[in-house]
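In the working numbering, the protein residues as written are 36 to 233.
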């Protein structure tokens, strides 16, 4: 196996992060970015600008990059969910996003794996498992007692990886199909409890 190095993301990783976020988001990010773009702006320019932000859930500051021989192979965006979790104005959100926010609200205070993805040419090399282990280290360092992740029920490969690494089903919601949607089925909230440190 090629050597894999994990490092904190940099602003210059924004293009790769936008692509990884869209892969992990089952096409939803591109759909949402298409609604945010200015005339003449591409959807990935919107995604790149969002990744370059200094704050917010989708910020390079919350991201970890997996590199193989200096090339970006995958990435992780993770952070602690608020407790209590404030859903905000749900009516202002598109239905597809509202369902995800309501699932997140069922895991307040957990360390949330918002995005985890590897580029196709780097899959099946253990990079996803390495990134999940990095998320667990960050969760422990934050004092969180659990991690959470949301996965499409039809994304069976990802679901198997999460189950193998200790994530268990907590709740689900039907996915809302949208143009470019990679999966239908349900969104599944999975949680991994962390044993207390001695």
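Ideal placement from N, C-alpha and C gives every residue a C-beta, glycine not left out.
Quick caveat, the model's predicted, so the values are computed rather than measured.
- In the structure shown, the three-state DSSP call for residue 166 is helix.
- DSSP places residue 197 within a helical segment (H, G or I) once states are collapsed to three.
- With contacts defined as CB atoms closer than 8 Å, residue 188 and residue 226 fail to qualify as a contacting pair.
- Residue environment analysis places residue 58 among the buried positions, since at least 16 neighbouring C-beta atoms fall within 10 angstroms of its C-beta.
- Note that the region 154 to 168 does not touch the region 138 to 145; fewer than 3 beta-carbon pairs, one per stretch, sit closer than 8 Å.
- Taking all protein chains in view, the Cβ of residue 64 is crowded by 16 or more other Cβ atoms within 10 Å, so the residue is classified as buried.
- Residue 38 holds the alpha-carbon nearest to the alpha-carbon of residue 106 among 230, 38, 172 and 96.
- A residue is called buried when at least 16 other Cβ atoms come within 10 angstroms of its Cβ; residue 94 meets this threshold and is buried.
- If only uninterrupted alpha helix (DSSP H) runs of at least 4 residues are considered, those enclosed by the region 56 to 93 are 63 to 71 and 78 to 86.
- In the structure shown, the three-state DSSP call for residue 157 is helix.
- For a cut-off of 8 Å, the C-beta gap from residue 149 to residue 109 is around 14 Å, too long to register as a contact.
- With the rule of 3 Cβ pairs closer than 8 Å, the region 43 to 60 counts as touching the region 76 to 88.
- Taking 8 Å as the cut-off, the Cβ atoms of residue 132 and residue 56 do not count as close.
- If you check the CB distance, residue 224 and residue 207 come in under 8 Å.
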